[in-house]
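Engineer: Take this structure, written in structure tokens, and hold onto it; I'll ask about it next.
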Amino acid sequence: MSSDADAPVETTTASVEELRAQVQALESEVSDLREAADDDGQKSMTIIATKGTLDMAYPPLILASTAAAFGWDVVVFHTFWGLEILHEEKSKNLKLSAVGNPSMPMPNAVAALPFMDNVATSMMERKIKENGTATIEELIETSLDMGVDLQACQMTIELMGYDEDEFYDGVTTGVGAATALQHMADADVQLMI
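Going letter by letter, the sequence shown gives residues 169 to 361 in my numbering.
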């Protein structure tokens, strides 16, 4: 049984000087690439927020404001139900869904009762207050103050019949999926929540 390892090795007629020149050219190219990468130095993150429940509003805002505190360039693109996080009135009344949440300390049959979302939301709001955790409104203000670009999907604004004036001051409107994709393509970190 023979293998390629047993085959004779072909040699080239390149001289040692030519090989040194090629190695130096490659080292120079690698050095230039490293410098270009280090010149920017700023990390970037794009988050796509698609859910509008109380428990799903926290992750994108906490991650965005934390990354911005580290000097990252951060974009959070809110689409479909995630748009409610940026809606000034609706963001103050986000609910926690008890049904289908495996971390809820109740069976789905009980969680499906009509009043259980309100009970779960009240329990979570009480925990948030007791713990001194920032509210959604405070996290939005903090994120905007730190330079996070909170974007509202234009197609979803139109689909849901919202008016751009209903969003927090500082929220970017008039952007769509193409803008989100471009940010994601250029970002160091991409998350979909």
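Yeah, the Cβ is synthetic: ideal placement off N, Cα and C, and Gly gets one too. Computed from a predicted model, the values in this text were never measured in an experiment.
1. Between Asp354 and Ala189, what straight-line distance do the alpha-carbon atoms span, to the nearest angstrom?
2. Quick one: any contact between the stretch 210 to 230 and the stretch 326 to 334, if contact means 3 or more CB pairs under 8 Å?
3. Could you tell me the alpha carbon to alpha carbon distance between Leu262 and Thr310, rounded to whole angstroms?
4. Note down the Cα distance separating Leu312 from Leu194, rounded to an integer number of angstroms.
5. First and last residue of the alpha helix (DSSP H) that includes Gln350?
6. Would a C-beta distance cut-off of 7 Å place Ala236 and Val243 closer than the cut-off?
7. Using a Cβ-Cβ cutoff of less than 6 Å, which residues in the same chain neighbour Trp249 once the five nearest sequence positions on both sides are dropped?
8. Check whether the stretch 337 to 348 touches the stretch 312 to 326, taking contact to mean three or more Cβ pairs, one atom from each stretch, closer than 8 Å.
9. With a threshold of 16 other CB atoms inside 10 Å of the CB of Phe283, please say whether the residue is buried or exposed.
Structural biologist: Result, derived from the coordinates:
1. Taking the first residue of the sequence shown as 1, we reach residue 354 at position 186. Taking the first residue of the sequence shown as 1, we reach residue 189 at position 21. Cα to Cα, the separation comes out at about 34 Å.
2. no
3. Taking the sequence shown and counting its residues from 1, one reaches residue 262 at position 94. Taking the sequence shown and counting its residues from 1, one reaches residue 310 at position 142. Answer to the nearest angstrom: the Cα atoms are 19 Å apart.
4. Here residue 312 is taken as the residue at index 144 of the sequence shown, counted from 1. Here residue 194 is taken as the residue at index 26 of the sequence shown, counted from 1. Going from the Cα of Leu312 to the Cα of Leu194 covers about 44 Å.
5. Here residue 350 refers to the residue found at position 182 when the sequence shown is read from its first residue. Gln350 -> alpha helix (DSSP H) spans 345 to 354.
6. Your numbering for residue 236 matches position 68 in the sequence shown. Your numbering for residue 243 matches position 75 in the sequence shown. Cβ atoms of Ala236 and Val243: not closer than 7 Å.
7. By 1-based counting over the sequence shown, the position of residue 249 is 81. Closer than 6 Å at the Cβ level, and outside the excluded window around Trp249, lie Lys219, Gly220.
8. yes
9. Mapped onto the sequence shown, residue 283 falls at position 115. That one is exposed.
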